[in-house]
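Residue numbers (full-length UniProt numbering): 1 to 617. Scroll down for the structure; my scribbles are underneath it.
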């Protein structure tokens, strides 16, 4: 009970002081203080007269503000708040320049009182800043207008109070006034400690709302890929939330609260962003050591790399306060980039170590390794820009052994074509992978005993590779025109060689040369020619109808090229010599096919089936 009575007496005493200062002209007092500070002369008698009313005004206002607990201290009367902040600003100028003032006993006594009032004002500001940060929607005047001239230059928030960081315009305005006053008074460290600590706590709360929890390195390294993939997705989600929502909003808040002290705003934001980022970067840093990942894991690591790039692109500034943030982000991105290169390089190992080459693919079809490799490259190149950046960064050190190797390899590849620009490190790696696949396919083709089937196998795989390159705008851009022309030329060579290997003997059977003996048609030779033609054609039809050419365009090109040489030659031979067998009772035995039959049967080649024989007409 005695404590309550004492508290009431203190309030009455402060109210009495407030009533005494009510008669002072604030504007006149502030003007006198300003003039005194500007024209300070040691021993000036007016010193006490202009400072005491100012100190008493500050003391009385503090007493009134302290009575408003637990409601917001500022905001009910904007004009009174502004006058209080102006009074404290003058008091700060006085207290921070004590050495310049008179040293007589009256001045010292006055300055002591001023220092005490000033300290109480700073405690009030610190408590109110803490309260506002703890309760973003804490407000005084419900009719507060953030666009009012009384804003004094602080920035209002254009976002809804229901959006992060949830502060009302009035709260931001008051925090701005407090921060400006405390920094001017020399209490920047205290202000920043309160602000930084509570904002970090608030950001932790937002993390928990996003269901993100830190995982230690040991747990990450013990996880199965299925579990790890889920954690990677969660990590990417929280990182995108940070770069698109959390950090920009926090940056705006810092800039608004510390609008009069840009360097302080920059340092505070960098400290907050760095603190959170280092925690988030522990996850990708733990991923890359000491595990090795199979080729299909590449895409998740590329997603991680792109997410880190978004973080690196964050507008955090380029002064010393941002150095740690940029350094930590760069190191994490470099580690993930190294993992990306390591995983991508495993496609080369998978080609080199493929042991499926001992068993030929039925019908000379596209080999599974070709399909896997080209589809893998096609999907990987959807991340072309990212992979270009990864490989470029790894080879960016000019004069390094790796850089010299890349430059020489690029020169070797393009030296035959002046129109082909130097290849980027990733484009060169891509070309090396496809060339390695080519060599592997060439090796596998030697398993086929039939030379024609070997060529069909090479055409199938070569056309598949070329089509996948053309289907991917990213791959085509990097490898055309040099490589595409080279590939097309090789396919033409395979095609011509196939036609010669398969159909040259057939065409010899229906050649006009050698049919006549001593100027007359030799029927035995003619019969043998027709018989050999039928035998060879039936054999080819039986064999090559079971061969597979899955690409419709290539299949059509092969059939057209065969028909263009075989059918005209057969029609000419049949038309020229058919009459010599018409009277023979066994003519049907030798003339088995009409030209139309030949054309129809050629259309059955490369379908991958054995039911190829059509009835004779």
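Glycine included, C-beta positions come from ideal geometry on N, C-alpha and C.
Counting C-beta neighbours from all protein chains within 10 Å, is the total for residue i 16 or more, i.e. buried, or is it exposed?
{"i": "residue 431", "result": "buried"}
{"i": "residue 553", "result": "exposed"}
{"i": "residue 379", "result": "exposed"}
{"i": "residue 516", "result": "exposed"}
{"i": "residue 191", "result": "buried"}
{"i": "residue 58", "result": "buried"}
{"i": "residue 349", "result": "exposed"}
{"i": "residue 182", "result": "buried"}
{"i": "residue 341", "result": "buried"}
{"i": "residue 119", "result": "exposed"}
{"i": "residue 496", "result": "exposed"}
{"i": "residue 128", "result": "buried"}
{"i": "residue 250", "result": "buried"}
{"i": "residue 108", "result": "exposed"}
{"i": "residue 456", "result": "buried"}
{"i": "residue 400", "result": "Because the pLDDT at residue 400 is just 49, under 50, the model does not fix this residue reliably, and the value given afterwards should be weighed accordingly. Under this definition residue 400 is an exposed residue."}
{"i": "residue 186", "result": "exposed"}
{"i": "residue 189", "result": "exposed"}
{"i": "residue 206", "result": "buried"}
How long is the line joining the alpha carbons of residue i and residue j, rounded to whole angstroms?
{"i": "residue 242", "j": "residue 204", "result": "12 Å"}
{"i": "residue 458", "j": "residue 603", "result": "21 Å"}
{"i": "residue 110", "j": "residue 94", "result": "11 Å"}
{"i": "residue 321", "j": "residue 312", "result": "15 Å"}
{"i": "residue 364", "j": "residue 281", "result": "50 Å"}
{"i": "residue 151", "j": "residue 173", "result": "Annotation note: pLDDT 44 at residue 151 (below 50); position unreliable, coordinate value reported separately. If you take the alpha carbons of residue 151 and residue 173, they lie about 7 Å apart."}
{"i": "residue 550", "j": "residue 542", "result": "18 Å"}
{"i": "residue 54", "j": "residue 175", "result": "23 Å"}
{"i": "residue 247", "j": "residue 163", "result": "13 Å"}
{"i": "residue 337", "j": "residue 390", "result": "5 Å"}
{"i": "residue 588", "j": "residue 576", "result": "17 Å"}
{"i": "residue 51", "j": "residue 77", "result": "25 Å"}
{"i": "residue 386", "j": "residue 305", "result": "8 Å"}
{"i": "residue 245", "j": "residue 323", "result": "22 Å"}
{"i": "residue 622", "j": "residue 193", "result": "With the chain running from 1 to 617 in the structure shown, residue 622 is simply not present."}
{"i": "residue 198", "j": "residue 239", "result": "21 Å"}
{"i": "residue 56", "j": "residue 32", "result": "15 Å"}
{"i": "residue 291", "j": "residue 498", "result": "48 Å"}
{"i": "residue 200", "j": "residue 213", "result": "15 Å"}
Identify whether residue i lies in helix, strand or coil by the three-state DSSP scheme.
{"i": "residue 516", "result": "strand"}
{"i": "residue 521", "result": "strand"}
{"i": "residue 603", "result": "coil"}
{"i": "residue 540", "result": "helix"}
{"i": "residue 591", "result": "coil"}
{"i": "residue 215", "result": "coil"}
{"i": "residue 548", "result": "strand"}
{"i": "residue 207", "result": "helix"}
{"i": "residue 259", "result": "coil"}
{"i": "residue 184", "result": "helix"}
{"i": "residue 609", "result": "coil"}
{"i": "residue 495", "result": "helix"}
{"i": "residue 166", "result": "coil"}
{"i": "residue 88", "result": "helix"}
{"i": "residue 289", "result": "coil"}
{"i": "residue 67", "result": "coil"}
{"i": "residue 368", "result": "helix"}
{"i": "residue 317", "result": "coil"}
{"i": "residue 264", "result": "helix"}
{"i": "residue 555", "result": "helix"}
{"i": "residue 399", "result": "Residue placement at residue 399 is poorly supported in this model, since its pLDDT is 46, which falls under 50; the coordinates are not used for a value here."}
{"i": "residue 345", "result": "helix"}
{"i": "residue 240", "result": "helix"}
{"i": "residue 446", "result": "coil"}
{"i": "residue 406", "result": "Here residue 406 scores only 48 on pLDDT, less than 50, and its place in the model should not be relied on; the value that follows carries that caveat. The answer is helix: DSSP assigns residue 406 an H, G or I state."}
{"i": "residue 472", "result": "coil"}
{"i": "residue 54", "result": "helix"}
Among the residues of its own chain, which have a CB less than 6 Å from the CB of residue i, if the five just before and after it don't count?
{"i": "residue 475", "result": "381, 469"}
{"i": "residue 220", "result": "286"}
{"i": "residue 166", "result": "136"}
{"i": "residue 154", "result": "Note that residue 154 has pLDDT 44, beneath the 50 cutoff, so the model's placement of it is unreliable and the number below is only indicative. Here the set comprises 173, 176, 259."}
Using a Cβ-Cβ cutoff of less than 7 Å, which residues in the same chain neighbour residue i once the five nearest sequence positions on both sides are dropped?
{"i": "residue 278", "result": "328"}
{"i": "residue 546", "result": "363, 608, 609, 610"}
{"i": "residue 533", "result": "506, 509, 510"}
{"i": "residue 462", "result": "487, 490, 491, 494"}
{"i": "residue 563", "result": "599, 602"}
Which residues in the same chain as residue i place their Cβ atom closer than 8 Å to its Cβ, once the five residues preceding and following it in sequence are excluded?
{"i": "residue 352", "result": "436, 440"}
{"i": "residue 448", "result": "360, 364, 454, 457"}
{"i": "residue 527", "result": "581, 590"}
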